[in-house]
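Numbering (our numbering), first residue to last: 9 to 296. All C-beta atoms in this analysis are idealised placements derived from N, C-alpha and C, irrespective of residue type, glycine included. The next block holds one structure in the form of structure tokens; read it before the comments.
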């Protein structure tokens with residue numbers, strides 16, 4: 009895979025997202041980048057009859073296949089490997105309640121140009137609900153968060169001596185609920201909250217899978233209490249969604265009543281790392 013010519017990007021910094029490398033012991037290190045050109049160079053041939061597929065047992069969750077082309081997925085992966093990841097915990101604005109080592113993966117954050125977010129919004133528009141909780145309308149025409157959190161999950165990785173993490177543990181993401189996000193903007197090379205769009209907040213997560221064919225690495229939802237059955241002391245396993253290259257998984261999050269608890273299971277074998285992009289759908293909370 010080779011990154012196509014003309015891709016323009018620059019390193020940025022942030023006091024909001026502290027993405028430090030625990031392996032390097034450098035709390036000032038940040039994997040934050042502004043992408044100034046689009047990596048979307050193909051238009052997937054979406055069928056007029058194409059529809060989302062519900063995740064059975066998880067209200068409001070669904071998948072959509074083929075939103076990114078094979079080449080676009082490869083370009084994303086190539087770009088991410090070029091700018092690099094940090095093996096880290098992610099400490100965002102609201103992570104004080106997260107348990108140590110709930111997350112163990114490689115992280116890189118990319119802020120994409122508006123035109124790229126608009127194209128992703130266009131591809132997703134037929135499938136995303138027009139209204140969220142509180143009858144908040146989906147933002148238009150661009151409702152995708154331009155701040156992409158990009159994750160790499162590896163099968164074999166070193167613990168680097170971190171407390172409580174055994175040597176060689178595969179990457180994973182423990183059970184959690186996704187929190188709402190606010191729009192961000194870049195001012196003077198610094199990533200900060202966009203105060204001009206304070207009425208916009210996210211209510212839905214979108215996971216774009218850049219790879220597939222893994223053994224393990226599924227997104228696993230905990231079924232709602234009403235759908236959970238128990239036999240003795242054993243509770244039924246969660247509802248699993250396997251990564252499909254070029255596809256997306258969408259589900260409610262934050263303050264939405266249908267926000268599900270979920271996790272990212274560890275890879276059990278190759279063929280290579282799992283790459284996934286997490287972004288969000290914004291809704292406008294401002295009343296007329």
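Taking residue 218 as the centre and dropping the five residues before and after it, the same chain places the C-beta of 81, 84, 85, 283 closer than 6 angstroms to its C-beta, in chain order. Membership of residue 81 in the alpha helix (DSSP H) is indicated by the continuous run 78-91.
No residue range can be given for residue 143, since it is assigned to no beta strand (DSSP E) and is classified by DSSP as neither H nor E. According to DSSP, residue 200 shares a beta bridge with 193.
The criterion of a C-beta distance shorter than 8 angstroms is satisfied by residue 255 and residue 71. When only Cα atoms are considered, residue 230 and residue 65 end up about 9 angstroms apart.
Between residue 275 and residue 67, the C-beta spacing is not below 8 angstroms. A distance below 8 angstroms between beta-carbons, with the five flanking residues on each side excluded, links residue 135 to the following residues of its chain, in chain order: 59, 60, 70, 72, 258. Put simply, of 19, 177, 211 the residue whose alpha carbon is nearest the alpha carbon of residue 95 is 177. In the DSSP assignment, residue 224 forms a beta bridge with 275.
Buried is the label assigned to residue 251, since at least 16 other Cβ atoms lie within 10 Å of its Cβ. One Cα belongs to residue 123, the other to residue 46, and the distance between them is close to 8 angstroms. Residue pairing from DSSP places residue 43 in a beta bridge opposite 17.
In this structure, residue 162 places its C-beta atom within 8 angstroms of the C-beta atom of residue 179. Annotation for residue 129: the continuous alpha helix (DSSP H) segment containing it runs 122-132. Comparing alpha carbon positions, the residue from 261, 263, 264, 268 closest to residue 247 is 268. The Cβ atoms of residue 261 and residue 211 sit closer than 8 angstroms to each other.
Per the coordinates, the alpha-carbon of residue 203 lies some 20 angstroms from the alpha-carbon of residue 118.
In the displayed model, residue 205 falls within a helix according to three-state DSSP.
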